[in-house]
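In short: position in the sequence shown from 1, add 45, done, that's the numbering used here. For glycine and all other residues, C-beta sits at the position ideal for the given N, C-alpha and C. Here's the structure we're looking at; comments come further down.
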Amino acid sequence: MSAALGLVAMASGLAFGFLGVRWASGRLVRAKGRKDKGRSGLQTMCTGMHAWVLSRVREETVRREASGIASVLSRGVFAWKRGWMERSACLAGLGGKVSVEAMCTVRAKLAFGCAAAGLVFGAVFSNELAALMCVGGGAFGATAVFRAFKEEGMRRAKELERSLPEMLEVVSLGLRSGLSFERSLELYYRHFEGGLSEAVSLAHRRWTMGFATREQALRDMAASYDSKLLSRLVENVVRSLRFGSSLADGLEGLATEAREVRRARLQEAIAKAPVKMMVPTGTLILPAMLILVLGPVLLELMQGF
46 MSAALGLVAM ASGLAFGFLG VRWASGRLVR AKGRKDKGRS GLQTMCTGMH AWVLSRVREE
106 TVRREASGIA SVLSRGVFAW KRGWMERSAC LAGLGGKVSV EAMCTVRAKL AFGCAAAGLV
166 FGAVFSNELA ALMCVGGGAF GATAVFRAFK EEGMRRAKEL ERSLPEMLEV VSLGLRSGLS
226 FERSLELYYR HFEGGLSEAV SLAHRRWTMG FATREQALRD MAASYDSKLL SRLVENVVRS
286 LRFGSSLADG LEGLATEARE VRRARLQEAI AKAPVKMMVP TGTLILPAML ILVLGPVLLE
346 LMQGF
């Protein structure tokens, strides 16, 4: 009994400690974001544990580049995951900024650290609990990097879904006002903030400075998002600019479609809410209600026997 109470207390302490660290890091990131407003930084893009994991990957990448550390991970165990990991980094907006070797190194460090922490905490109570927490901690640390990149990619996809109709309407309005496509894009990213605005600004700077052609810069921007609508938009823009066809009507149609897609996603999320509420209702509320209602009846039956 005392071991069970100790386990519950330890789990509660770890949970509250994790929530406290997440809250404190979120406050720190928000304060830094207000201080460095307008700057595209990693820690202003997401908060909490995922921001810390991504920052560690960035730091490890910089450290490896500065020291010239050679790695055989690309030819070894992680070679078959290289393409998938590079795609995850690209969707998280870190394509070319982090290396696969740094991701694997941070993953190994987190797996070892979490496994060691689980082993130490579990050894306080029993050897079986120590082994269980060691395996669980190692699995948690080994998947932390992938979860962080996936979470950042999902956040960017949601932000794109929210900002894309606005961008299309602004560019279409600029084209109908007599501005060129470049000036219309500049009108958008100079007067609006957000991840999409920064991506558009970066793509525009790339082709104006000669680092890439306009088509390549736009396609690279579309590849950094998991959005078929954005890819189709870029291809329409490339064809229209190449053959000189009208672009404003197509952008307005895509803006309407993007708005409808967002509305459908929101309606789907709202429809799923009652189904998701059944899980806590069935696991937490229903057993308590059954005990409250049937408890006196069961006690009377036991006394009768």
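Asked	Found
Cβ contact (3+ pairs, closer than 8 Å) linking the stretch 226–239 and the stretch 318–335	no
Same chain, Cβ closer than 6 Å to histidine 249, neighbours up to 5 away in sequence not counted	Leu230
Distance between alanine 262 and threonine 301 (C-alpha atoms, nearest Å)	25 Å
Where glutamate 234 falls: helix, strand or coil (DSSP)	Strictly speaking, residue 234 in this sequence is tyrosine, with glutamate absent from that position. Three-state result, tyrosine 234: helix.
Where phenylalanine 191 sits in the DSSP three-state scheme	helix
Residue environment, methionine 199, which counts as buried when at least 16 other CB atoms sit within 10 Å	exposed
Residue span of the alpha helix (DSSP H) that contains phenylalanine 256, given as start and end	That residue, phenylalanine 256, is in no alpha helix (DSSP H); it is neither H nor E in DSSP.
Outcome for leucine 339 when other beta-carbon atoms lying within 10 angstroms are tallied against a minimum of 16	exposed
Closest Cα partner of leucine 311 within the set Val180, Ala160, Lys203 and Glu105	Lys203
DSSP-derived helix/strand/coil call for glycine 289	coil
Contact check, lysine 142 vs arginine 103, beta carbons under 8 Å	yes
Same chain only: Cβ atoms within 7 Å of leucine 344, ignoring 5 sequence neighbours per side	none
Cβ shell of glutamate 214 (< 7 Å), same chain only, five flanking positions each side left out	Ala300
Run of the alpha helix (DSSP H) containing phenylalanine 166, from where it starts to where it stops	145–168
Local Cβ density within 10 Å of proline 341, reported as buried at 16 or more and exposed below that	exposed
Through-space distance from cysteine 135 to alanine 184, alpha-carbon basis	24 Å
Residue from Cys149, Arg287 and Gly240 with nearest C-alpha to methionine 266	Gly240
Euclidean distance between Cα positions of valine 282 and leucine 292	7 Å
Coarse secondary structure for aspartate 271, derived from DSSP in three states	coil
Element boundaries [alpha helix (DSSP H), containing glycine 128]	127–136
Bounding residues of the alpha helix (DSSP H) (the contiguous stretch that carries serine 112)	93–112
Best match in Gly182, Val190, Ser242 and Leu174 for proximity to glutamate 206 [C-alpha to C-alpha]	Ser242
Distance between beta carbons of glutamate 105 and valine 169, contact taken as under 8 Å	Valine 169 to glutamate 105, Cβ: 32 Å. No contact.
Backbone secondary structure at serine 276 - three-state DSSP	helix
Supposed close pair alanine 137, phenylalanine 194 - CB separation, criterion 8 Å	5 Å
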